[in-house]
Every structure is written in structure tokens, then in C-alpha cells.
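Visitor:
This is the structure in C-alpha cells:
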């Protein structure tokens, strides 16, 4: 079943151009990239701002400017998993699949806390972990920064931030299947499919996703070409003003020879905003009968927008807490923290009710740590990106930029 094919109204592009200029001129945010697509074609793309904030000599960003995509990598890893499901090579709910290809996961214990004399309190989990749990953040895993116990463990064990199995081999935060917690689960999903296929994520993604989608500037490796076009990531000073970082954030090393050997399916990619828009268009086109080589099957497309979370109020409350912290969602959807109108599919946060900001029920979205955002709205037939590169805690001015872009885009659409 083909999706609607919205286009911009006569004055739509002008409204978006005006918003882009206003946001960049405010100097409250660094350079911005706005884009929208339907299943057939790009309907809007524009960008503006300094390649290096405050240094006009470095030039202005353009469609070829590369960004650190961080967790926008997760959706691409999810697509690769669904492609393998479509090919009959894996099953998302097969516990033995994870046990066979990622035996390290079976060795993980739950870190319940610490004794008074500083010893770890570890218990063996009762439940097993499958790929669906890894992709929907219900595996019991965490990041070191969003759990006090796991943060302490990370400091004491001094694991490398990127590139090693040890980077992701940390204790569980909770019993698998009982909590929602943003985590390294999709990094493990990437490790799993790399082992299943016998290919690196770079080679697998290039063959199955990057080349079919025309994503010529997307890679795990910061090559000389990618570095020459890379926007300088920013931060905020103590007064909240934007400033360019002197070094890459989150332990990134801009040396392709030092990437890996384990590639981060949860956050390792570099790419352009337009490349990502190409991906979104190909996902939307997957359910068009006229598409000759769909990226994923209609069944997998449907799963992308299906809430797979267990019917556990605690899990929905966990998700609502994260959504509130993201500070970009219609607060009415969070239903006082119960999460009644939100969900999570493999790879996407789901809006289960129409949003006042524009997105329709059944939409999915995610973002990257440096404020790169995207969403897909099958009911409207649109995908969109709103990207910059700044490391800043929420709430951040870019959150409102995102909201204004979303609302302006939907006001400009017509079918």
C-alpha cells in the first residue's frame, strides 16, 4: 500500500527558509540542516551557519557538510537487522540466536548495588535476552551515564569508550524485560549481525543500505574526505552561549586507522543530513508496490511502527521519563508520566496519538547526542531531519528549534 505523497504549499519553502535564517541568525544554535521527503522525492532541503561556529573564514555549511551522527546510527543498525529477518537469516525473538553469536551477553549479571565496603552486589538474571529486546531497550542493559550503579562500575573498571567488546561488556542495570532503559543494546545488535554475516558493519551497511540509498558520505571511518567536510561540534559555555569545541566529544578520535575493530552500531557513524534524508525516503518507499528493490519488506515496515514494549506500567513510565528529558515531545502525549500515548518499536520512539507539534499517530523518531533529529510519519507520508552538532544538556534552545521546524513543516504540507 503506497503512502500519501505530500508536497510543500506555494509558500511552504519560503516559510521554512525564513525559519532557518531566523534560527541561525539568533546565534542560540550552531549551523542547522532542515530536510523533508516523501516516498518519491525530497520536498525540502536547506542549511545555513558556520562550519566552525564563530569562524566565518572556515565557510558556511552546505549539503555536503558531514556531521557526527552518534545515535542516529541506531536506526540504520535496526534496518540492517530487519533486512536479515526478511532474508530468513535471523529471528528477532530467538533467544538462542543471541546466546550462540554473543555468548558474552549470557555472562552478564545484574549490578544491584554496592556493599558498605564497596564490593559489587551481582545477581544472575532469571530471563534471557533476545534481539528484539536489544533493539527496543528492554534488555536490562544501560549506558554508564544513565545509571548511578553502572556509572560507578564504569569509573572503577576504566573500560575503553569505543572499539572493543569490553566497551559494551558491562553489568545489567535490571532484570531483562522488566524495565526500559536507553542502552548499549543496539551496539550488541550490531555485533550480533556482524558475526552472523561475517562482515564488518561498514561493509554490511555499504552493501545493503548506503549504496542502495545513495548515502555516499556516510561511514564509520572519518576519512580525510569526511574530515575535510566535517562541521566542528560545539558546546555551551557557563553562560549558555554556543562555542566550538577544541576537540571531538565523547572520546572520538578523528583518525580512521584507530576506529574499531568493533564498530559501534549504536553511535559510530559520520554522514550528511541529506544522506540520512535519502535513507528515510527509501524506508517510506518500501511499502510502495512500484518500488523495484524495497529496502525492507512491508512486514518489517509495519514492525518499525508497532509498539513492542511489554504491558508493564513501569516500562512505559521509564519511557515517558526519557521522553520528558528529551524536551521535544508534545507533553500531552506523556500523560502525566504514565506514557499512555507513546511506545517503542525496534529502533524507534513511537507517538501513538496525534501530536500538537505536527506528527500523526503512528510516527517514529530518534536522535543523536549532538542534536541530530529525524522522524518518519507514515500517516502523512513524510520523513524529516533537523540537525546540528552541539553537545548540550536538555532543555536546550535547539529543542525549540526542532519544535518550530516540525510545526512549520506540517503547516506547509499539502497532499
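Residue numbers (this note's numbering): 11 to 425.
Even for Gly, the Cβ is constructed at its ideal location relative to N, Cα and C.
No experiment lies behind these values; they were computed from the predicted model shown.
(1) With which residues is residue 394 paired in a DSSP beta bridge?
(2) By a C-beta neighbour count over all protein chains shown, 10 Å radius and 16 as the cutoff for buried, is residue 146 buried or exposed?
(3) I'd like to check one pair, residue 77 with residue 399: are the Cβ atoms closer than 9 angstroms?
(4) I need the DSSP call for residue 243, collapsed to helix, strand or coil.
(5) Excluding sequence positions up to five away, which residues of its chain have a Cβ less than 7 angstroms from the Cβ of residue 363?
(6) Leaving out five residues on either side along the sequence, give the residues of the same chain with a beta carbon under 8 angstroms from the beta carbon of residue 132.
(7) For residue 233, count the other beta carbons within 10 Å of its own beta carbon; 16 or more makes it buried, fewer makes it exposed. Which is it?
(8) Taking the alpha carbon of residue 149 as the point to measure from, which residue in 196, 126, 155 and 175 has its own alpha carbon closest?
(9) Could you tell me which whole alpha helix (DSSP H) segments of length 4 or greater appear in the stretch 111–135?
(10) Check whether the Cβ atoms of residue 268 and residue 173 sit closer than 9 angstroms, and answer yes or no.
(11) Quickly, what does DSSP pair residue 280 with across the bridge? List them, please.
(12) Please go through the same chain and pick out, in chain order, the residues whose beta-carbon is closer than 7 angstroms to the beta-carbon of residue 48, but skip the five residues on each side of it.
(13) With contact counted as at least three CB pairs below 8 angstroms, one residue from each stretch, are the stretch 17–25 and the stretch 47–67 in contact?
(14) In the DSSP assignment, the alpha helix (DSSP H) including residue 408 goes from what residue to what residue?
(15) Please report the straight-line C-alpha distance between residue 141 and residue 213, rounded to a whole angstrom.
(16) Can you tell me which of 127, 137 and 128 puts its alpha carbon nearest to the alpha carbon of residue 117?
(17) Check whether the stretch 238–249 touches the stretch 305–320, taking contact to mean three or more Cβ pairs, one atom from each stretch, closer than 8 angstroms.
(18) Hey, out of 178, 369, 251 and 383, whose CA is closest to residue 423's CA?
(19) So for residue 374, helix, strand or coil by DSSP?
(20) Return the CA-CA distance between residue 366 and residue 380, expressed in angstroms with no decimal places.
(21) Please report the straight-line C-alpha distance between residue 23 and residue 71, rounded to a whole angstrom.
(22) Cβ of residue 203 within 9 angstroms of Cβ of residue 100?
(23) Decide if residue 190 is buried, meaning its Cβ has at least 16 other Cβ atoms within 10 Å, or exposed.
(24) Measuring CB to CB, does residue 230 end up less than 9 angstroms from residue 274?
Guide: Result, derived from the coordinates:
(1) 46 and 385
(2) buried
(3) yes
(4) coil
(5) 343, 351 and 371
(6) 119, 120, 121, 122 and 181
(7) exposed
(8) 196
(9) 113–116
(10) yes
(11) 78 and 229
(12) 15, 16, 294, 391 and 392
(13) yes
(14) 407–422
(15) 21 angstroms
(16) 137
(17) no
(18) 369
(19) strand
(20) 25 angstroms
(21) 19 angstroms
(22) yes
(23) buried
(24) yes
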